[in-house]
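Student: First, the structure itself, so that you have it in front of you.
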Amino acid sequence: MLLGDGKKGKKRTRKKRPGRTTVEEDVVKPKETKKTPLKGPRAKTPAQSERTEDEKRLQVKVFVEETLRKGVQGLVAEFKGMRRVNDFTLMTEFVQQNPLGRNRYKDVGCLDNYRVILTIGNVPYIHANYVSTPVSAKRFICTQAPLPKTCPEFWNMIVQEKSVAILMLCNFIEQNAKKCAEYFPTQDGPPLAFEGDVYVTFKRQEMFPFPFETHVRVQITHLEVTVPGQPPHSCSHYHWLDWPDRGVPEADLAPVALLGKLKDSITPIVVHCSAGIGRTGSIVLIEHALELLQRNQPLLEISGYLQDLRKQRNNSIQTEHQYLYIHQVLLLYLKHAKYLDDSVTPHLEAFTKDYVKATKGF
């Protein structure tokens, strides 16, 4: 048995409403909320709440034990068994747009279902899909990095969806190849202008204040967007500066801290890397798992969530290293959030050692 019964520290993890343990906390404290009368059969007795907490810890225990049982090699084999396919009969608009130069990669399709359709501007097409999580049917918009000719559509989408958070996981140039157009201003100066009278204005900039030591660097740029016929729209752009293409950063709680900053957004969080499927999919699946935990829903095998994600954003998660990274981050989070007792530490350390070896150089 890898995990204890979770009796210790139970008081630290029970919350009045769904809420995630943040990496700033040494212990998990319940968040104070305004007391309201309990109504009807939905009200839980203390015993029922205790059972819910015990069930949650049992579900986490099963997830962790199964992950560690598979090990790194088992997860690699699991990922390779989920082949990526392109069924272009499900991507008819993408196919029609290929000759028009609005798709960054001709082999990275955009599914007709869940596709974002623009009602602002003159071009209704953008290579972007809504992606659901336990919180919302449109929790994320996963999209390709803007091309020079698609920058207006990108900003029209931001304004249309009222998105206040943009997460960029690539750099403009990677391995001497252009991966993203310069679609936002990175310093103070005149507004960046695009076709269709779309203007993006720099407001201010700072680095993300991680509350722990990490090699990850995220630059936050606050922007104002104006498009014809719409009021000015303010948003924040989070640029993860050092996530390698088709690879993984050093695994720590950086994505958890970053997603914790964005979790209160009630409009779609826009995420992109270059193709909008690899690094982008990794972040989305980590958030999906965190939301399951905060809502006391079962955390099952990541493979099932990946298959669901691929039905919304085609071929998400490109490499086995990204698949391993998701699991490693979640295991580290569960340890930090006190879901694991000391008995699991040797098994987790062995998994981490194998993970580092498997992802070295990526």
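Going by full-length UniProt numbering, the sequence shown opens with residue 1, and the numbers climb by one from there.
Backbone N, C-alpha and C fix where the C-beta goes; we use that ideal spot for every residue, glycine too.
Given this structure, state the Cα-to-Cα distance separating Asp-342 from Ala-350, to the nearest angstrom.
Tutor: Walking along the sequence shown from the start, residue 342 turns up at place 342. Walking along the sequence shown from the start, residue 350 turns up at place 350. Their Cα atoms are separated by approximately 14 angstroms.
Student: Nearest-angstrom Cα distance between Val-270 and Ile-166?
Tutor: Your numbering for residue 270 matches position 270 in the sequence shown. Your numbering for residue 166 matches position 166 in the sequence shown. Those two C-alpha atoms are separated by around 5 angstroms.
Student: For Val-356, count neighbouring Cβ atoms within 10 angstroms of its own Cβ and tell me buried if that reaches 16, exposed if not.
Tutor: Numbered from 1 along the sequence shown, position 356 holds the residue referred to as residue 356. Of the residues assessed, Val-356 falls on the exposed side of the cut-off, its CB having fewer than 16 other CB atoms within 10 angstroms.
Student: Which residue's Cα is closest to the Cα of Asp-264: Ile-277, Ala-193, Phe-140?
Tutor: By one-based count along the sequence shown, residue 264 stands at place 264. The shortest Cα separation from Asp-264 among Ile-277, Ala-193, Phe-140 belongs to Phe-140.
Student: Which value, in whole angstroms, describes the spacing of the CA atoms of residue 370 and His-233?
Tutor: A question about residue 370 goes unanswered here, because the residues of the chain that appear run from 1 up to 362.
Student: Can you list, in chain order, the residues of its chain whose CB lies under 6 angstroms from that of Phe-210, leaving out five sequence neighbours each side?
Tutor: As a position in the sequence shown, residue 210 is number 210, starting the count at 1. Here the set comprises Ala-257.
Student: Note down the Cα distance separating Ile-158 from Val-164, rounded to an integer number of angstroms.
Tutor: Position 158 of the sequence shown, counting from 1, holds the residue named residue 158. Position 164 of the sequence shown, counting from 1, holds the residue named residue 164. Cα to Cα, Ile-158 sits roughly 8 angstroms from Val-164.
Student: Output the distance between the C-alpha atoms of Val-27 and Ala-337, rounded to the nearest integer angstrom.
Tutor: To locate residue 27, count along the sequence shown from 1; it is residue 27. To locate residue 337, count along the sequence shown from 1; it is residue 337. The predicted model places Val-27 with a pLDDT of 32, which falls under 50 and marks its position as unreliable; any figure quoted below should be read in that light. If I take the Cα positions, the gap works out to 7 angstroms.
Student: On the CB-based measure, 16 or more other CB atoms within 10 Å of its CB, does Glu-291 come out buried or exposed?
Tutor: For the purposes of this step, residue 291 is taken as the residue at position 291 of the sequence shown. It counts as buried.
Student: Do you know how far the Cα of Pro-134 is from the Cα of Glu-250?
Tutor: Stepping through the sequence shown from its first residue, residue 250 is reached at position 250. Stepping through the sequence shown from its first residue, residue 134 is reached at position 134. Between Glu-250 and Pro-134, the C-alpha separation is close to 27 angstroms.
Student: Following the continuous alpha helix (DSSP H) through Glu-349, name the residue where it begins and the one where it ends.
Tutor: Position 349 of the sequence shown, counted from the first residue, corresponds to residue 349. Residues 345-359.
Student: Here's the rule I'm using: 16 or more other beta-carbon atoms within 10 Å means buried, otherwise exposed. How should Leu-293 be labelled?
Tutor: Counted from its first residue, the sequence shown places residue 293 at position 293. So Leu-293 ends up on the buried side.
Student: Taking C-beta to C-beta, are Asn-129 and Val-116 nearer than 8 angstroms?
Tutor: The residue you call residue 129 lines up with position 129 of the sequence shown. The residue you call residue 116 lines up with position 116 of the sequence shown. Taking 8 angstroms as the Cβ cut-off, Asn-129 and Val-116 qualify as a contacting pair.
Student: Below 8 angstroms, how does it come out for the stretch 69-83 and the stretch 302-319: are there three or more Cβ pairs, yes or no?
Tutor: Yes, since at least three Cβ pairs between the stretch 69-83 and the stretch 302-319 fall closer than 8 angstroms, the two stretches touch.
Student: Assign Gln-230 to one of two classes, buried (16 or more other C-beta atoms within 10 Å of its C-beta) or exposed (fewer than that).
Tutor: Position 230 of the sequence shown holds residue 230. By the 10 Å Cβ count, Gln-230 comes out exposed.
Student: Please list, in chain order, all residues of the same chain as Ser-316 whose beta carbon is under 6 angstroms from its beta carbon, the five residues on each side excluded.
Tutor: Taking the sequence shown and counting its residues from 1, the one referred to as residue 316 is at position 316. Cβ within range, chain order: Ile-277, Gly-281, Leu-309, Arg-310.
Student: Alpha carbon to alpha carbon, what distance is there between His-327 and Glu-320?
Tutor: In the sequence shown, counting from the first residue as 1, residue 320 sits at position 320. In the sequence shown, counting from the first residue as 1, residue 327 sits at position 327. Their Cα atoms are separated by approximately 11 angstroms.
Student: Does the ligand ADP have even one heavy atom less than 7 angstroms from the beta-carbon of Val-248?
Tutor: The ligand content of the structure shown is nil, which means the ligand ADP is not present either.
Student: Can you tell me which of the three DSSP states His-215 falls into?
Tutor: Locating residue 215 in the sequence shown gives position 215, where the first residue counts as 1. In the structure shown, His-215 falls within a coil segment according to DSSP collapsed to helix, strand and coil.
Student: Just to confirm my understanding: we take Tyr-105, look at its own chain, exclude 5 residues before and 5 after, and list those with CB closer than 6 angstroms. What are they?
Tutor: The residue given as residue 105 occupies position 105 in the sequence shown. Once the five neighbours on either side are set aside, the close Cβ partners of Tyr-105 are Ala-275.
Student: Excluding the five sequence neighbours on either side, which residues of its own chain have a C-beta within less than 6 angstroms of the C-beta of Asn-98, listed in chain order?
Tutor: Here residue 98 is taken as the residue at index 98 of the sequence shown, counted from 1. Once the five neighbours on either side are set aside, the close Cβ partners of Asn-98 are Lys-106.
Student: Whole angstroms are fine: how far does the CA of Asn-296 sit from the CA of Thr-36?
Tutor: Start at 1 with the first residue of the sequence shown, and residue 36 comes out as number 36. Start at 1 with the first residue of the sequence shown, and residue 296 comes out as number 296. Bear in mind that a pLDDT of 37 at Thr-36, under 50, signals an unreliable position, so the model cannot answer this.
Student: What three-state label does DSSP hand Phe-140 in the structure shown?
Tutor: Numbered from 1 along the sequence shown, position 140 holds the residue referred to as residue 140. Of the three classes helix, strand and coil, the one that applies to Phe-140 here is strand, per DSSP.
Student: Relative to the alpha-carbon of Asp-54, which residue among Leu-253, Tyr-339, Ala-358 has its alpha-carbon at the smallest distance?
Tutor: The sequence position of residue 54 within the sequence shown is 54, counting from 1. Of Leu-253, Tyr-339, Ala-358, the residue nearest in Cα terms is Tyr-339.
Student: Under 7 angstroms Cβ to Cβ from Thr-150, same chain only, skipping five residues before and after it: list those, please.
Tutor: Locating residue 150 in the sequence shown gives position 150, where the first residue counts as 1. Closer than 7 angstroms at the Cβ level, and outside the excluded window around Thr-150, lie Arg-102, Ile-126.
Student: Between Asp-252, Asp-245, Glu-287, Arg-246, which lies nearest to Leu-259 when the distance is taken from Cα to Cα?
Tutor: Position 259 of the sequence shown, counted from the start, is the residue given in the question as residue 259. Taking only the C-alpha atoms, the option nearest Leu-259 is Glu-287.
Student: Between the Cα of Lys-203 and those of Val-216, Glu-195, Phe-184, Glu-213, spot the shortest distance and give me the residue it belongs to.
Tutor: Counting from 1 along the sequence shown, the entry for residue 203 is found at position 203. Comparing Cα positions, the closest option is Phe-184.
Student: With DSSP collapsed to three states, give me the class of Glu-224.
Tutor: What you label residue 224 is simply residue 224 of the sequence shown in a count that begins at 1. The answer is strand: DSSP assigns Glu-224 an E or B state.
Student: If Cys-170 and Arg-279 are in contact, beta carbons under 8 angstroms, what's the gap, nearest whole angstrom?
Tutor: Here residue 170 refers to the residue found at position 170 when the sequence shown is read from its first residue. Here residue 279 refers to the residue found at position 279 when the sequence shown is read from its first residue. The beta-carbon separation of Cys-170 and Arg-279, rounded to 7 angstroms, stays under the 8 angstroms limit for a contact.
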